[in-house]
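Number of protein chains: 2
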Amino acid sequence: MNLFINAAGNKPMYEQVKDGIKEAILNGELKAHQLMPSVRQLAADLNVSMITTKRAYSDLENEGLIYTVAGKGTFVKADNIEAVQEKQLNDALEDFREKAENLKKLSVPQEKLIEEIEKIYGGNENE
Amino acid sequence: MNLFINAAGNKPMYEQVKDGIKEAILNGELKAHQLMPSVRQLAADLNVSMITTKRAYSDLENEGLIYTVAGKGTFVKADNIEAVQEKQLNDALEDFREKAENLKKLSVPQEKLIEEIEKIYGGNENE
DNA sequence: TTGCTGTATATAGCTGATATACACAGTATA
DNA sequence: TATACTGTGTATATCAGCTATATACAGCAA
Numbered sequence: 101m102n103l104f105i106n107a108a109g110n111k112p113m114y115e116q117v118k119d120g121i122k123e124a125i126l127n128g129e130l131k132a133h134q135l136m137p138s139v140r141q142l143a144a145d146l147n148v149s150m151i152t153t154k155r156a157y158s159d160l161e162n163e164g165l166i167y168t169v170a171g172k173g174t175f176v177k178a179d180n181i182e183a184v185q186e187k188q189l190n191d192a193l194e195d196f197r198e199k200a201e202n203l204k205k206l207s208v209p210q211e212k213l214i215e216e217i218e219k220i221y222g223g224n225e226n227e
Numbered sequence: 101m102n103l104f105i106n107a108a109g110n111k112p113m114y115e116q117v118k119d120g121i122k123e124a125i126l127n128g129e130l131k132a133h134q135l136m137p138s139v140r141q142l143a144a145d146l147n148v149s150m151i152t153t154k155r156a157y158s159d160l161e162n163e164g165l166i167y168t169v170a171g172k173g174t175f176v177k178a179d180n181i182e183a184v185q186e187k188q189l190n191d192a193l194e195d196f197r198e199k200a201e202n203l204k205k206l207s208v209p210q211e212k213l214i215e216e217i218e219k220i221y222g223g224n225e226n227e
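The listed protein sequences derive, respectively, from chains Y and E.
Quick note, the first sequence lines up with residues 101 to 227 if you use the working numbering.
Quick note, the second sequence lines up with residues 101 to 227 if you use the working numbering.
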């Protein structure tokens, strides 16, 4: 799992950590009951505070993707992946619709939007 | 000009005020050198603090859309509308591309995106 | 005990939002 | 003319929430 945190970015760091781990779990890179790096270790690796990694872990635990045993460590749960994936997809679609509606409101023609999509998908199929 | 402010929304209130006024200027509802409502009056109408409306006016002044005369009031400037409109359009397109790329990363097929766009544009052409 | 783990507390900085007091411009009026 | 009044924008001090931190506390196991 290779995380890259941008301290100056628009997204909070704990959220970047969270999203990176979530992605690793959802695509199977991290498997159920696997031991996660400790909050300290991960914090050291990413050059952030323990609290930041702890916050990411807490959020992931609330979403049911990992579980924690005090004194032992944090483990991958990953038994409701489908639900999480579906939510992620729906959120992404909703964001997309919102931006598309915004363009419509600005009188951008439908063809322009489709053209942009073709540019994105046409460029490199496998990335 | 009818503004609706949602205090519980995700967007800051001063930004909602700003966007609403900007839209009114860009679509010609507010014309150049027209007197704007005073920060106090607008604050009372919207049930927000003066500081909030003042912040919106300051931002709009920085964008060159209005100008202020202390003791007299705030007036519509609107002589660089084209540049502002172009920026607005580019920003909206960039947002749209970002969300589309996100969907591609989630393995959503191109056809699904186009389908969503057609739904949005097909629904009601003139809204 | 030692060394790992997660957890709780107190603190600092930034941002959104507010109330209140201040300063400027025009106008009515003495 | 001079002054007071009422409208305008502006500055200061303050509060609440969120992000991020350091540091100290508590649990588990060799």
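Glycine included, C-beta positions come from ideal geometry on N, C-alpha and C.
Since the structure is predicted, the reported quantities are computational estimates derived from the model, not experimental observations.
Exercise. Can you list the alpha helix (DSSP H) stretches of 4 or more residues lying completely in the stretch 152-215 of chain E, in chain order?
Worked result: 181-205
Exercise. Between the Cα of residue 140 of chain E and the Cα atoms of E/189, E/132, E/155, which residue gives the shortest distance?
Worked result: E/155
Problem set entry | Any chain E beta carbon closer than 8 Å to residue 204 of chain Y | yes
Exercise. Is there a Cβ from chain E that is less than 8 Å from the Cβ of residue 130 of chain Y?
Worked result: no
For this session: Please classify residue 135 of chain Y: does DSSP put it in a helix, a strand, or coil?
Result: strand
Problem set entry | CB of residue 204 of chain Y within 8 Å of CB of residue 165 of chain Y, strictly | no
For this session: Just confirm the distance between the C-beta atoms of residue 195 of chain Y and residue 199 of chain E, as a whole number of angstroms; I'd bet it's less than 8 Å.
Result: 5 Å
For this session: Taking the CB atoms as reference points, tell me whether residue 178 of chain E and residue 125 of chain E lie closer together than 8 Å.
Result: yes
Exercise. DSSP three-state call for residue 229 of chain E: helix, strand or coil?
Worked result: Shown here, chain E extends from 101 to 227; a query on residue 229 of chain E therefore has no answer.
Exercise. Should residue 153 of chain Y and residue 142 of chain Y be called a contact, given that it needs their Cβ atoms to be closer than 8 Å?
Worked result: yes
For this session: Reducing DSSP to helix, strand and coil, say where residue 107 of chain E ends up.
Result: coil
Exercise. Relative to the ligand GDP, is the shortest distance from any of its heavy atoms to the C-beta of residue 174 of chain E smaller than 7 Å?
Worked result: What this structure holds is no ligand at all, so the ligand GDP is not there to describe.
For this session: Using a Cβ-Cβ cut-off of 8 Å, state whether residue 155 of chain E counts as contacting chain Y.
Result: no
Exercise. Can the beta-carbon of residue 188 of chain E be found closer than 8 Å to that of residue 206 of chain Y?
Worked result: yes
For this session: Mind checking which residues open and close the alpha helix (DSSP H) that includes residue 101 of chain E?
Result: No alpha helix (DSSP H) holds residue 101 of chain E; DSSP gives it neither H nor E.
Exercise. Measuring CA to CA, which of Y/184, Y/144, Y/171, Y/145 is closest to residue 162 of chain Y?
Worked result: Y/184
Problem set entry | Below-8 Å beta-carbon distance, residue 121 of chain E vs any chain Y residue | no
For this session: Sort Y/201, Y/217, Y/158 by Cα distance to residue 208 of chain E and report the nearest one.
Result: Y/217
Problem set entry | Neighbouring residues, chain Y, relative to residue 210 of chain E (Cβ below 9 Å) | 217, 218, 220, 221, 222
For this session: Kindly indicate if chain Y contains any beta-carbon less than 8 Å away from that of residue 181 of chain E.
Result: no
For this session: Compare the C-alpha of residue 159 of chain Y against each of Y/114, Y/219, Y/101, Y/128 and name the closest.
Result: Y/114
Exercise. From residue 181 of chain Y to residue 211 of chain Y, what distance separates their C-alpha atoms?
Worked result: 36 Å
For this session: Measure the C-alpha to C-alpha separation of residue 132 of chain Y and residue 174 of chain Y and round it to an integer number of angstroms.
Result: 11 Å
For this session: Could you list which residues in chain Y have their beta carbon closer than 7 Å to that of residue 163 of chain E, in chain order?
Result: None at all; the shortest Cβ gap to chain Y is about 17 Å.
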